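Here the structure comes first, spelled out in structure tokens, and everything after it is commentary.
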Amino acid sequence: MLRIYSTGPVENAFAHAATNVWIKVLNISSKYKVEVEVKIFRLNGKKSEIDSASFSVPPNASDFAVFDITNLVEYEVQIRVKKPKYALVSVWSKNADAELVNGQRLVQKELNIIYEGNKKNARRISRKKYR
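Okay, so the sequence shown: first residue is 90 according to the numbering used here, each after it adds one.
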């Protein structure tokens with residue numbers, strides 16, 4: 090099973106804008122690892138991928154990826170998760186003083202599911218293919 094979450098468009102144009110975005114994944118399985126791929130998109134003008142990272146989360150563990158978003162006025166994060174029933178996902182932003190930016194905090198229930206399924210039975214939520 091594969092699921093892709095999206096933050097949707099996140100505005101980052103204010104006085105104490107975020108400089109980093111953190112994607113945290115907790116694996117609640119005691120047996121299986123969870124595979125994660127994260128992509129960051131610039132939304133200022135035409136949408137374009139600017140960074141990505143992949144990581145595995147062992148059973149009963151958590152891991153995270155951090156991205157620099159200093160010059161992004163608007164951005165989107167997509168999180169691709171294999172074995173999503175074992176993964177708890179959150180997205181957090183911090184400003185230059187390493188303080189959390191509350192308006193850019195998204196827990197799993199606030200993320201959009203834009204793709205769900207497997208190779209044989211996929212349910213695409215959006216019209217754009219995940220690349």
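Backbone N, C-alpha and C fix where the C-beta goes; we use that ideal spot for every residue, glycine too. Since the model is a prediction, treat every value here as computed from it, not as a measurement.
Query	Result
Residue interval of the beta strand (DSSP E) (run including threonine 108)	107-116
Boundaries of the beta strand (DSSP E) in which serine 141 is found, first to last residue	137-146
Length of the line joining the Cα atoms of tyrosine 204 and glutamate 126	14 Å
Contact between the region 111-118 and the region 180-197 (3+ Cβ pairs under 8 Å)	yes
Close-in-space but distant-in-sequence residues of the same chain around lysine 171 (CB under 6 Å, 5 per side omitted)	Leu91 and Glu124
Helix, strand or coil at tyrosine 223 according to DSSP, with G and I counted as helix	Given that the chain is displayed from residue 90 to residue 220, the structure contains no residue 223 and the question cannot be resolved.
Start and end residues, beta strand (DSSP E) containing asparagine 201	201-206
Residue of Asn149, Phe144, Glu138 and Gly206 minimising C-alpha distance to lysine 120	Asn149
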